[in-house]
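Scroll down for the structure; my scribbles are underneath it.
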Amino acid sequence: MVLAAGLGTRMRPLTDDRPKALVEVGGRALIDHVLDRLADAGVEKAVVNVHWFADRLEAHLAARGRGPEIVISDERAELLETGGGLRKAAPLLGPDPVFVANIDSVWTDRGDALADLSRLWDLARMDAVLLLARRQGSVGFEGDGDFFLADDGRLTFRGDAPSSPYAYMGVHICRPGYVAEGPDGPFSLSQFWRRSAAEGRLFGCVLDGDWMHVGDPQARDEAEAKLTRQA
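Residues in the sequence shown are numbered from -13 upward in steps of one, following the numbering used here.
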């Protein structure tokens, strides 16, 4: 599932006439960076939720010209946030574990991050496995970190610590039906992650590469410059 329904408020004025998913970095729309990564990882179908400039996003997706197959989860009537969007899309996603991806992450890979995530995934032991980035060296992320990572891959939230070394970088795998118990309407995935972490069922692995969190125009420009230097 690709979460593409947000308003892109922090990205204005670039989102005055388009959804955030269609803001370009390195000559490609943000959503194409994500969908191309998923296609390269073997994903054959992607559910994309839409809200802001939904018609324009749907037209772009229809004209992509390569996989994965796109199925639309329509949130024109109400934005449902990360958890609510995943819950609404459940009938479209089917009974298998699912990649869930934000559209504001661009990265360069020295390894194969999505393959690493897939190899770590173990339904018997895990509710979700998150792709993480080291705070140091990341572009566009100015927070104090999200998680501590144990040697066995288990995650704990930063909590009251002043900082932690790793940030969630916008892609994870979760078990089917993970948010089925969520409320009607909008809600965040965070509450489910916290419960899973407390039960020892939230895991993670770290990107071997450079992460660019494209959350606002300045971050977009910084990501553009970094990609240009690495070209």
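The beta carbon of each residue, even a glycine, is placed where N, CA and C say it ideally should be. Given the structure is predicted, the values throughout are model-derived calculations rather than measurements.
*Given a threshold of 16 other Cβ atoms within 10 Å of its Cβ, counted over all protein chains shown, does D3 qualify as buried or as exposed?*
Of the residues assessed, D3 falls on the exposed side of the cut-off, its CB having fewer than 16 other CB atoms within 10 angstroms.
*Given that a residue counts as buried once 16 or more other Cβ atoms are within 10 Å of its Cβ, and exposed if not, what is G69?*
The residue is buried, with at least 16 neighbouring Cβ atoms inside 10 Å.
*asked:* Does T1 pass the burial test, meaning 16 or more other C-beta atoms within 10 Å, or should it be called exposed?
replied: buried
*Just grab the DSSP bridge partners of F178 for me.*
In DSSP, F178 forms no bridge with anything.
*Report yes if the CB atom of V57 is closer than 8 Å to the CB atom of K31, and no otherwise.*
yes
*Determine, using beta-carbon pairs with one atom in the segment 118 to 127 and one in the segment 164 to 178, whether at least three such pairs fall under 8 Å.*
Fewer than three pairs of CB atoms, one per stretch, sit closer than 8 Å, so the segment 118 to 127 makes no contact with the segment 164 to 178.
*Relative to the alpha-carbon of G(-6), which residue among W107, T214, D202 has its alpha-carbon at the smallest distance?*
D202
*Let me know the secondary structure DSSP gives T1 once reduced to three states.*
coil
*Going by the CB atoms, is the gap between N35 and E61 shorter than 8 Å?*
yes
*Taking C-alpha atoms, which residue in V192, V165, C191 lies nearest to W179?*
V165
_For D26, the three-state DSSP class (helix, strand or coil)_ = helix
*Do you know whose CA, among E67, D207, C160, lies nearest S174's CA?*
With distances taken between Cα atoms, S174 lies closest to E67.
*asked:* Do R(-4) and A25 have their beta-carbon atoms positioned less than 8 Å apart in this structure?
replied: For A25 and R(-4), no; Cβs fall outside 8 Å.
*asked:* Please give the ranges of any beta strand (DSSP E) in the segment 105 to 153, keeping only runs that are unbroken, at least 3 residues long and fully inside the region.
replied: 114 to 120, 133 to 135, 141 to 143
*On the DSSP bridge assignment, give the partners of A15 in chain order.*
The beta-bridge partner set that DSSP reports for A15 consists of E10.
_Cβ neighbours of A209 in the same chain (closer than 7 Å, five flanking residues each side left out)_ = Excluding positions up to five away in sequence, the list reads V11, V92, V125, G126, M198, V200.
*Extent of the continuous beta strand (DSSP E) to which E167 belongs*: Premise fails: E167 is in no beta strand (DSSP E) and is neither H nor E.
*Whose C-beta lies closer than 6 Å to the C-beta of A87 among residues of the same chain, with five residues either side of it excluded?*
Within the same chain, A87 has close Cβ partners V(-12), V20, V157.
*Touching or not, the segment 102 to 116 and the segment 180 to 188, by the rule of three or more beta carbon pairs under 8 Å?*
yes
*When the Cα atoms are used, what is the spatial distance from A7 to R14?*
10 Å
*Within 10 angstroms of its Cβ, does D206 collect 16 or more other Cβ (buried), or is it exposed?*
The sequence given here has Arg at residue 206, not Asp. It is buried - the Cβ of R206 has at least 16 other Cβ atoms within 10 Å.
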